[in-house]
Amino acid sequence: MGCDKMTLTTACIKGKMGDIVYYQTTMTAQEAVNSLRAPSELRDYWLSLGIEERFQRDIDDRRVRNEIAPYFATDPNRFISSILVLIREPIEFGFEPLDSVVDDISLAYRGATRNMGFLTTSGGENIILDGQHRHAGIRMAIQADFETLDRWMEQQGESKHQRINDDDISVIFINIEENEVIRKIFNKINKHAKKTSTADDIITNMDDGACFVTRRLMSPNDGILGDRYTGARQSKSMVNWRSNTVSSNSKCLTSLSNFHSLNSLILKATGNSEIVGTTMRPSAAGIDSGLEACKRWWSTILDGISSYKQTLDGASEGVSPSLRTPDSTFQLLFLPVGQWAMIKALTITMDRGQNLEEAVARLNLINFSSNNDFWTGLAFKTDGKILRNQNYKNTTAEAIAYLIGSEYMSEEHKGALLTKIRDYKDDDRAELPDPVSI
């Protein structure tokens, strides 16, 4: 008899939501591996699904192997939400209330225990409707060989393998016969699962090294862009971590998502690319190394660009809205797109051999206003609105790198840049402006 055809008796809590009756219980991780099945493992059920449902229920093996299984196998603080399971076509299925098997329950407890009891089911199949990746990760963690476990522990910076066979896994069972109801439940679960914002992901991510570095750089007390200006009631960060944008009137220097992108560029340019975008937490030494590299860059940038320095020196007021207008020669550097182009430009010119301090100092000599015709068609539209396409951002970065470090740039690179500029400006007579120098 296969494990999914086994007889199961378990203590549970019975509940009802709308017309759906469900049973909440726990089983060990080993029991879950033995008795629960993903839809793709059951050929007849799999073939009955539509293409959209198959896509939603198809298991991402790479995600299981690289993220979920290592988490279960190495993290002592592991935890997951309930797995939702459909008991399909059971031979026997029944719930016995606690008061039917236990005599003389005290009056004080009768109300609290009225939904407690025992679920018994035999035959049929236990099909996972929600939680199949968690289930696959549990199974892989339990079945992993010692070589795999050692590799996971090294990657996660853990020294002890976690035995998870006896972990209690929360499971919700439902027994529904109508396929349309089953499909509706599954699709609604996935449809209404709200994706977290980029800012939320950066704040809560415990695997990506760039997220660790970003959070520490904006730590309220000692972060280089932490609490720097005074709001209506309390100190506020120079990084807007509540949304993915920076409005024209924002007191913040940049957004959290952009700050993370900037730090990722810096980390990649300073030999710390191995901690960027990681799906398993890097070592503490790796994070510290990346943090120090970013601190050096930001100290140089915030001290070396006069408008940044003036803003932070008077940070009780935050960023002046006028700095994001055409009247400011630093306009582009107070817009997230421009900040990305600036940092990218610094990584480009430093890769060519320029000194960071020299490159930053030269940024002060560039007119970054949308009134400067050179930026029209590269960074700004003709109406002064910002161009956000990645190709424009890359070319703007190359243009800045040229302006601050042309002597480090080959004639071939200059020619390629001029070709792009003429193309984007739709002007065959456009020429490269004179570079700046101290």
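When we follow our numbering, the leftmost residue of the sequence shown carries the number 6, and every step to the right adds one. A virtual CB, placed ideally from N, CA and C, is assigned to each residue, including glycine.
- For a cut-off of 8 Å, the C-beta gap from Leu351 to Gln344 is around 11 Å, too long to register as a contact.
- Distances from the alpha-carbon of Ser202 to those of Ile88, Asn263, Lys19 put Asn263 closest.
- The way I'd put it, the segment 395 to 402 doesn't touch the segment 369 to 379; fewer than three beta-carbon pairs between them come closer than 8 Å.
- Taking Asp213 as the centre and dropping the five residues before and after it, the same chain places the C-beta of Gly282, Thr283 closer than 7 Å to its C-beta, in chain order.
- In the DSSP annotation of this structure, the continuous segment of the alpha helix (DSSP H) that includes Leu408 starts and ends at 395 to 410.
- Rounded to whole angstroms, the separation of the alpha carbons of Asp388 and Gly410 is 29 Å.
- Closest in C-alpha terms to Ile187, from the list Ser248, Thr259, Arg93, Ala113, comes Arg93.
- Counting only residues of its own chain and dropping the five nearest sequence neighbours on each side, Ile280 has a CB closer than 7 Å to the CB of Gly214, Ala215, Leu272, Pro287, Gly291, Ile292, Gly295.
- Along the length of the segment 53 to 138, whole alpha helix (DSSP H) runs at least 4 residues long occupy 56 to 62, 74 to 79, 103 to 106, 112 to 118, reported in chain order.
- For Phe217, the CB contacts under 7 Å within the same chain, skipping 5 residues up- and downstream, are Ile292 in chain order.
- Judged by pairs of C-beta atoms under 8 Å, the segment 356 to 369 touches the segment 296 to 309, as three or more such pairs exist.
- Proximity to Lys349 across Asp308, Tyr407, Leu437 peaks at Tyr407, based on C-alpha coordinates.
- DSSP places Gln29 in the strand class (E or B) of the three-state scheme.
- Put simply, the segment 11 to 21 touches the segment 119 to 127. At least three CB pairs are less than 8 Å apart.
- Within 10 angstroms of the beta-carbon of Pro81 lie fewer than 16 other beta-carbons, which makes it exposed.
- In terms of Cα proximity to Thr334, the closest of Asn180, Phe98, Ser45, Ser312 is Ser312.
- Closest option to Asp432, judged by alpha-carbon separation, among Leu383, Tyr413, Ile443: Leu383.
- A straight line joining the alpha-carbon of Ser127 with that of Ile207 spans about 45 Å.
- When rounded, the separation of the alpha-carbon atoms in Ile174 and Met243 is 42 Å.
- For Leu103, the closest of Tyr114, Ile96, Gly276 by C-alpha to C-alpha distance is Tyr114.
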